[in-house]
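Chemist: Numbering (this note's numbering), first residue to last: 78 to 535.
Input: one structure, supplied below.
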RNA sequence: GGUCCCUUCGUCUAUCGGUUAGGACACAUGGUUUUCAUCCAUGAAAGAGGGGUUCGAUUCCCCUAGGGACCGCCA
């Protein structure tokens, strides 16, 4: 059975890159009718935070990336990691190293100063006697041997062990290090496919060595190229809009972000839009690209716009409510009802949920500051506006046809172009020059509110 | 510095050696529209450079250049 995993360390919010890795793992496992597991790598006690952990979990949930079983905490497996370190020691695949950190630091600095590459010299490798001082356990890596990583994305990557140091697997405080923990956990969890960022490529070699020493079956590796910022560097938390929360905050729909992430570094012919079922159905590992891709926020927004335009009214409204409740001032129930009924009009100019909120604000928050500032209203057009007011006061129920007729009449009577009367009217009714068409505004506000707003300015 | 990886329009990408190198976003122009948008149509826009292999290379190989990742008692 295919079992994949996503293994974030809770030292920061979930990143776009991490989200994509999680998505690929999720989609592949589901495509193969396998399992997708979440493993929280919380062994760095200083940097791991509960808040990041729950942020990561809720972000995955928000994106619809659902993991099987309960999440697994790496810290709970530490005793097993230590056991494996001890076993490797017994089997002489590892050794105790008594070098002091300061000592090694100095060696490293010296090497760097000379412009040389530094790796641990291995001077404790063949120590005969045990010392009664603190030690770390290092893996004894066979010299001058070529290790091949059969990578599903990168092809065969061959690396000579001379470039890999005898890395530490167990610290002097008896805590396991990353490569030990990750290997052991992957083994325990029966991970069949490791799909992760290609910053882990060298780790894969180290892990393969460890797997070989233990005689375990090596999982298949897929190292996907990293996502870069527009500047072409590895995405960091400081790049704006680089976390899923950044996207959420400005009103990106999870379905849109998911779709964007799916097509970043992966493709299926010319297909751009994938719903959840399709993404599971069509996803494969062989179509993953080999080159890094840049995060393009314009593309996220345009995909978001697509989903805003095409989602069913109820579904979109639900997303909207969730967004408003989390990030905006609460909107009164009666206004929400109006927004829901007119969503198809209000979403017209929107690329994000925030845009829908702003487009709707004239309904629940009539802001008049722009009206006077705009100088749109003068004695001349007050005449037309008054004509409009008079006519509209005569009707009781809104009808598109009626509003159009009234407008036509006003234009004809005063012999003016629409703009001369439409612009000030729109401004008075909405407090903005960018709003729906007049007939739509009247429909949204209702006849009474339209009259009330008009009367204040003529 | 060492090791490894990458390179098709500005961006995401398609191309299983033979294509007028396709699509999408962004951009430009025109049309629709009662503002602004939407929508529709059209357009401009790419194989890093140099060598091979081949009847034929974007595609396979080599070199160069450019970019990136990793090199912690972090994960």
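Positions of the beta carbon are idealized from the N, C-alpha and C atoms, including for glycine.
Hey, would you say residue 124 sits closer than 8 Å to residue 149, going by beta carbons?
Modeler: Contact: no.
Chemist: Which residue comes first and which comes last in the beta strand (DSSP E) that contains residue 171?
Modeler: First-last of the beta strand (DSSP E) with residue 171: 171–174.
Chemist: Inspect the beta-carbon positions of residue 121 and residue 88 and report whether they are closer than 8 Å.
Modeler: Their beta carbons are under 8 Å apart, which means residue 121 touches residue 88 by this criterion.
Chemist: Please report how far the alpha carbon of residue 168 lies from the alpha carbon of residue 341, in whole angstroms.
Modeler: One C-alpha to the other measures close to 44 Å.
Chemist: First and last residue of the beta strand (DSSP E) that includes residue 223?
Modeler: Taken as a continuous stretch (DSSP letters only), the beta strand (DSSP E) holding residue 223 covers 223–228.
Chemist: Hey, is the stretch 319–332 in contact with the stretch 293–301, meaning 3+ C-beta pairs nearer than 8 Å?
Modeler: No, because fewer than three Cβ pairs between the stretch 319–332 and the stretch 293–301 fall closer than 8 Å, the two stretches do not touch.
Chemist: What's the C-alpha gap between residue 317 and residue 92?
Modeler: Using only the alpha carbons, I get a separation of about 11 Å.
Chemist: Does the beta-carbon of residue 474 have 16 or more other beta-carbons within 10 angstroms, so that it is buried, or is it exposed?
Modeler: By the neighbour-count rule (16 or more Cβ atoms within 10 Å), residue 474 is not buried but exposed.
Chemist: So, under 8 Å CB-CB, residue 307 and residue 372 are touching, yes? Tell me the CB distance rounded to an integer number of Å.
Modeler: Sure, about 7 Å apart at Cβ, within 8 Å.
Chemist: Comparing alpha-carbon positions, which option in 203, 202, 206 and 245 lies nearest residue 213?
Modeler: Of the listed residues, the one whose Cα sits closest to residue 213 is 245.
Chemist: Are the beta-carbon atoms of residue 506 and residue 529 separated by less than 8 Å?
Modeler: For residue 506 and residue 529, no; Cβs fall outside 8 Å.
Chemist: Mark residue 504 as exposed unless 16 or more other C-beta atoms lie within 10 angstroms of its C-beta, in which case mark it buried.
Modeler: Its Cβ being crowded by 16 or more others within 10 Å, residue 504 is buried.
Chemist: Run the CB neighbour count on residue 270, radius 10 Å, all protein chains shown included, and call it buried at 16 or more, exposed below.
Modeler: By the 10 Å Cβ count, residue 270 comes out buried.
Chemist: Per DSSP, what kind of secondary structure is residue 254 in: helix, strand or coil?
Modeler: Three-state result, residue 254: coil.
Chemist: For residue 530, does the three-state DSSP call read helix, strand or coil?
Modeler: Residue 530 falls in the helix class under three-state DSSP.
Chemist: Kindly give me the distance between the Cβ atoms of residue 262 and residue 302, rounded to whole angstroms, as I take these residues to be in contact under 8 Å.
Modeler: Residue 262 to residue 302, Cβ: 24 Å. No contact.
Chemist: Using a 10 Å radius around the Cβ and a threshold of 16 neighbouring Cβ atoms, would you call residue 520 buried or exposed?
Modeler: Burial call: buried.
Chemist: Relative to the alpha-carbon of residue 544, which residue among 179, 265 and 107 has its alpha-carbon at the smallest distance?
Modeler: Nothing in the structure corresponds to residue 544, since the chain is present only between 78 and 535.
Chemist: Give the DSSP-derived three-state secondary structure of residue 86 in the structure shown.
Modeler: The answer is coil: DSSP assigns residue 86 none of H, G, I, E or B.
Chemist: Grab the span of the alpha helix (DSSP H) containing residue 97 for me, first residue to last.
Modeler: Per DSSP, residue 97 belongs to the alpha helix (DSSP H) from 93–108.
Chemist: Is it the case that the stretch 334–354 contacts the stretch 252–267, given that we only count it when at least three CB pairs across the two stretches are under 8 Å?
Modeler: At 8 Å Cβ cutoff, the stretches do not touch.
Chemist: Please report the straight-line C-alpha distance between residue 236 and residue 402, rounded to a whole angstrom.
Modeler: The straight-line gap from Cα to Cα measures roughly 53 Å.
Chemist: Considering only the alpha carbon of each residue, which of 385, 460, 347 and 461 lies closest to residue 331?
Modeler: Looking at the Cα atoms, 385 is the closest of the given residues.
Chemist: Which partner residues of residue 370 appear in the DSSP bridge assignment?
Modeler: DSSP output for residue 370 lists 304 as bridge partner(s).
Chemist: At 3 residues or longer, and completely inside the stretch 359–403: list those beta strand (DSSP E) runs for me, N to C.
Modeler: If we require 3 residues or more, the stretch 359–403 turns out to have no beta strand (DSSP E) run fully inside it.
Chemist: Could you tell me which residues DSSP puts in a beta bridge with residue 81?
Modeler: The partner list for residue 81 (beta bridge, DSSP) reads 113.
Chemist: Using the C-alpha atoms, what's the distance from residue 170 back to residue 370?
Modeler: Their backbone Cα atoms lie some 39 Å apart in a straight line.
Chemist: Quick one: what's got a C-beta closer than 8 Å to residue 466's C-beta in the same chain, skipping five residues either side?
Modeler: Within the same chain, residue 466 has close Cβ partners 528, 531, 532 and 535.
Chemist: The beta strand (DSSP E) that contains residue 158, what's its start and end?
Modeler: Premise fails: residue 158 lies in the alpha helix (DSSP H), 155–167, not in any beta strand (DSSP E).
Chemist: Within this structure, are the beta carbons of residue 388 and residue 96 separated by less than 8 Å?
Modeler: Not closer than 8 Å, so no.
Chemist: Per DSSP, residue 150 is paired with what?
Modeler: 117.
Chemist: Just curious, the beta strand (DSSP E) that residue 474 is in, first and last residue?
Modeler: Looking at the DSSP string, residue 474 is not in any beta strand (DSSP E), and its letter there is neither H nor E.
Chemist: Assign residue 508 to one of three DSSP states: helix, strand, or coil.
Modeler: If DSSP states are grouped into helix, strand and coil, residue 508 belongs with coil.
Chemist: Span of the beta strand (DSSP E) holding residue 352?
Modeler: Note, residue 352: premise wrong, no beta strand (DSSP E); not H, not E.
Chemist: Taking the Cβ atom as the reference point for each residue, do residue 161 and residue 291 lie within a distance shorter than 8 Å?
Modeler: Their beta carbons are under 8 Å apart, which means residue 161 touches residue 291 by this criterion.
Chemist: Quick check on the burial criterion: 16 or more other C-beta atoms within 10 angstroms. Buried or exposed for residue 480?
Modeler: Result: buried.
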